[in-house]
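Peer 1: Position one of the sequence shown corresponds to residue 2 (this note's numbering), numbered consecutively onward.
By construction, the Cβ of each residue, glycine as well, lies at the ideal position given by its N, Cα and C atoms.
Here's a structure for you.
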Amino acid sequence: MNMSGLTDRLPYTYLLMSYCFTLVCIYGRGQAVRNVTFNLGSDANLMCSDKTWNETIYVIWKINLENSAECRMSFTNEGQSDDLCNDGKSLRNSSEAQPYLHIPNFSNNDVGIYKCESVFKGGHENYKINVAITVRPILSAWLERENNKRVAVCTAERGKPAANISWSHTGNSSSVQTLTESHGFFTVVSRLELTEGMDTTNLSCAVSHPFWTEEEILTPKQNPPKTLTSKGQT
Numbered sequence: 002m003n004m005s006g007l008t009d010r011l012p013y014t015y016l017l018m019s020y021c022f023t024l025v026c027i028y029g030r031g032q033a034v035r036n037v038t039f040n041l042g043s044d045a046n047l048m049c050s051d052k053t054w055n056e057t058i059y060v061i062w063k064i065n066l067e068n069s070a071e072c073r074m075s076f077t078n079e080g081q082s083d084d085l086c087n088d089g090k091s092l093r094n095s096s097e098a099q100p101y102l103h104i105p106n107f108s109n110n111d112v113g114i115y116k117c118e119s120v121f122k123g124g125h126e127n128y129k130i131n132v133a134i135t136v137r138p139i140l141s142a143w144l145e146r147e148n149n150k151r152v153a154v155c156t157a158e159r160g161k162p163a164a165n166i167s168w169s170h171t172g173n174s175s176s177v178q179t180l181t182e183s184h185g186f187f188t189v190v191s192r193l194e195l196t197e198g199m200d201t202t203n204l205s206c207a208v209s210h211p212f213w214t215e216e217e218i219l220t221p222k223q224n225p226p227k228t229l230t231s232k233g234q235t
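Structural data, given as structure tokens:
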């Protein structure tokens, strides 16, 4: 075996291995996936990379919304920018000089898949961000008679995701019905059959939902149905 020839080729072999490794690490890496949720009406901010403006060469956002066609937004460190969405979104810089995508007054029309590509000095990052929305439900509770039986009803209408309902008292039986409505909204109806002669003075239902940090407590009214305004619905 010609050891001299092999030795002569080693530097080129190492160079080729290093080049291939760099190519795989920077360009062959798959997309990282993130899942984020924003409250209805909030201002949403999405960051593609933690690199600063000075480190960034360019950022491209490809936005595929559930209710509209894909659009693009981009900028470069030379001051060039492009906005093919034209729906109020904007590319901004944080106080730490990090670029991000700003979505004002987040609504159901902003739900979708946000893909971003960030190229910076010494690296490259790809992200697929699944963006969802949290919508507070409309709450109501009342008492009614059904087949000569008293029933307490508690509803959480058109929330996203579905709410959870529980009762402060137990009755003869209870049922929960979850209805799927348009655009992915949910209405939850909980019915509690009351025992005969049960005192309903302290009867209440508790509704938990990701939009609130605490449960919403409702006291059923005598006259059905009437939408109630809870502390979470101001």
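#1: What distance in whole Å lies between the Cβ atoms of residue 134 and residue 159, which are believed to be in contact at a cut-off of 8 Å?
#2: On a Cα-Cα basis, can you pick out the residue from 199, 207, 164, 174 that is closest to residue 187?
#3: Examine the Cβ distances between the segment 77 to 97 and the segment 36 to 56 and report whether three or more of them are shorter than 8 Å.
#4: Please state whether the Cβ-Cβ distance between residue 34 and residue 129 is less than 8 Å.
#5: Going by CA-CA distance only, name the one from 171, 110, 197, 211 that's closest to residue 151.
#6: Express the C-alpha separation of residue 50 and residue 43 in angstroms, rounding to a whole number.
#7: Is the distance from the Cβ of residue 136 to the Cβ of residue 47 below 8 Å?
#8: Going by C-alpha distance, which of 216, 199, 181 is nearest residue 167?
#9: Pick helix, strand or coil for residue 110, following the three-state DSSP scheme.
#10: Tell me, to the nearest whole angstrom, how far the beta carbon of residue 189 is from that of residue 156; I am working on the premise that it is less than 8 Å.
Peer 2: Taking the coordinates as given:
#1: On the sequence shown, residue 159 is found 158 positions in, with the first residue counted as 1. On the sequence shown, residue 134 is found 133 positions in, with the first residue counted as 1. No, residue 159 and residue 134 are not in contact; Cβ-Cβ is about 12 Å, not under 8 Å.
#2: In the sequence shown, the residue the question calls residue 187 occupies position 186. Looking only at 199, 207, 164, 174, the smallest Cα-Cα distance to residue 187 is reached by 164.
#3: Yes, they touch.
#4: Mapped onto the sequence shown, residue 34 falls at position 33. Mapped onto the sequence shown, residue 129 falls at position 128. Their beta carbons are under 8 Å apart, which means residue 34 touches residue 129 by this criterion.
#5: By 1-based counting over the sequence shown, the position of residue 151 is 150. Measuring from the Cα of residue 151, the nearest candidate turns out to be 197.
#6: Against the sequence shown, residue 43 aligns to sequence position 42. Against the sequence shown, residue 50 aligns to sequence position 49. Cα-Cα distance, rounded: 22 Å.
#7: On the sequence shown, position 135 is the one that residue 136 refers to. On the sequence shown, position 46 is the one that residue 47 refers to. Contact flag unset, no.
#8: As a working mapping, residue 167 is identified with position 166 in the sequence shown. Nearest C-alpha to residue 167: 216.
#9: By 1-based counting over the sequence shown, the position of residue 110 is 109. Reduced to three states, the DSSP call for residue 110 is helix.
#10: Counting from 1 along the sequence shown, the entry for residue 189 is found at position 188. Counting from 1 along the sequence shown, the entry for residue 156 is found at position 155. Right, the Cβ-Cβ distance comes to about 7 Å (below 8 Å), so this counts as a contact.
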